Amino acid sequence: MRGLHLGVVVLSLTVVGCEQDETRPNFEYAPDMVSSVPYDTFAANPVTVDGKTLLAPVKGTVPRGHQPLHLAAGPEEAARAGRELQNPYPASPEVLARGKVTFSRYCGPCHGPEGLGDGLVTARFPMPPSLLAERAKQLPDGQVFHIITHGQGLMPPHGSQVAPEDRWKIVHYVRTLQDPARTARKDVP
Ligand code: HEC
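Here it is as structure tokens:
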């Protein structure tokens, strides 16, 4: 008889426990993760000058390690780059090795592994001019750097994909493609 009473009590407690008022929130344990104490990034903020939590960077701020390039896109600016910019990296075996890797990643698909303009995409994309042609050989280093950064005609810009130092190393590598004897001579230590 006792066992039966106990069973009834447990059963009725369970039934009561299952009853839910769905219009009210359940018991929350440690709700700090849900209701964050600090201001959210994009929330209004009564303390800051412009009323926003995420402060705008101070005017003229430059990200750490960023090298600003004061040259716009276009052929005149490309020619100016050719006059004003010098390759800051001396050609060494390491620089050329890195240039080769990045060239084959970013330029080879269009320009081909040797720069002849016969990359894989030329099946569907207009064939680029050969980088071994006299015109490309005459382009100063700074202008090639500018063409990589901002593109030229049908060639898309690569400034956002290829880091500035890699662009300069690619320039060295392109010079080696144009003049294979260069690596054998004294100008590559
Ligand atoms: C999507 C294909 C494509 C990619 C990728 C590409 N290029 Fe080009 N490139 C072209 C085309 C097309 C031209 C001709 C552009 C024009 O003048 O209309 C060109 C032109 C050039 C020129 C100028 C040649 C001249 O005679 O005027 C240089 C230098 C050059 N590319 C270097 C590079 C380098 C270095 C890379 C890699 C960082 C690269 N390109 C990536 C398609 C590409």
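Residue numbers for the sequence shown follow this note's numbering, so the first one is -6 and each next one is one higher.
Backbone N, C-alpha and C define an ideal beta-carbon position, used for all residues, glycine too.
Since the model is a prediction, treat every value here as computed from it, not as a measurement.
In chain order, what residues of the same chain lie with their CB nearer than 7 Å to the CB of residue i, ignoring the 5 residues before and after it?
| i | result |
| --- | --- |
| ARG168 | ARG175 |
| GLY101 | GLY112 |
| TYR99 | HIS151, GLN154 and VAL155 |
| ASP254 | Nothing about residue 254 can be reported from this structure: the residues present for the chain run from -6 to 182 only. |
| PRO24 | none |
| THR95 | VAL155, ASP159, LYS162 and ILE163 |
| PRO133 | GLY75 |
| ARG73 | LEU64 |
Quick one: is the Cβ of residue i within less than 8 Å of any heavy atom of the ligand HEC?
| i | result |
| --- | --- |
| VAL88 | no |
| ARG57 | no |
| HIS151 | yes |
| HIS104 | yes |
| ALA72 | no |
| PRO129 | It should be pointed out that residue 129 corresponds to Ala in this sequence rather than to Pro. Yes. |
| TYR82 | no |
| ARG168 | no |
| LEU147 | yes |
| PRO157 | no |
| MET132 | Correcting the residue type first, residue 132 is Leu in the shown sequence and not Met. Flag set: Cβ of LEU132 near the ligand HEC. |
| LEU124 | yes |
| ARG160 | yes |
| GLY112 | yes |
| VAL164 | yes |
| ALA137 | It is Val, not Ala, that sits at residue 137 in the sequence shown. Within the cutoff, so yes. |
| TYR32 | no |
| THR46 | no |
Looking only at its chain, what residues have a beta carbon closer than 6 Å to the beta carbon of residue i, apart from the 5 residues adjacent to it on each side?
| i | result |
| --- | --- |
| ASP172 | none |
| ARG91 | LYS162 |
| LYS130 | GLN171 |
| CYS103 | GLY112, VAL114 and PRO121 |
Tell me which same chain residues have a C-beta within less than 8 Å of the C-beta of residue i, skipping the five on either side of it?
| i | result |
| --- | --- |
| LYS45 | PHE35, ALA37 and ASN38 |
| ARG128 | PRO122 |
Whole-angstrom Cβ separation of residue i and residue j, contact assumed at under 8 Å?
| i | j | result |
| --- | --- | --- |
| SER97 | LEU109 | With 8 Å as the limit, SER97 and LEU109 do not qualify as a contact, their Cβ atoms being about 13 Å apart. |
| LEU48 | THR41 | 6 Å |
| LEU147 | PRO106 | No, LEU147 and PRO106 are not in contact; Cβ-Cβ is about 20 Å, not under 8 Å. |
The segment 153 to 167 contacting the segment 76 to 83, beta-carbon criterion three pairs below 8 Å: yes
Inter-stretch contact (C-beta, 8 Å, three-pair minimum) for the segment 131 to 144 and the segment 63 to 78: When C-beta atoms of the segment 131 to 144 are compared with those of the segment 63 to 78, three or more pairs fall below 8 Å, so the two segments count as touching.
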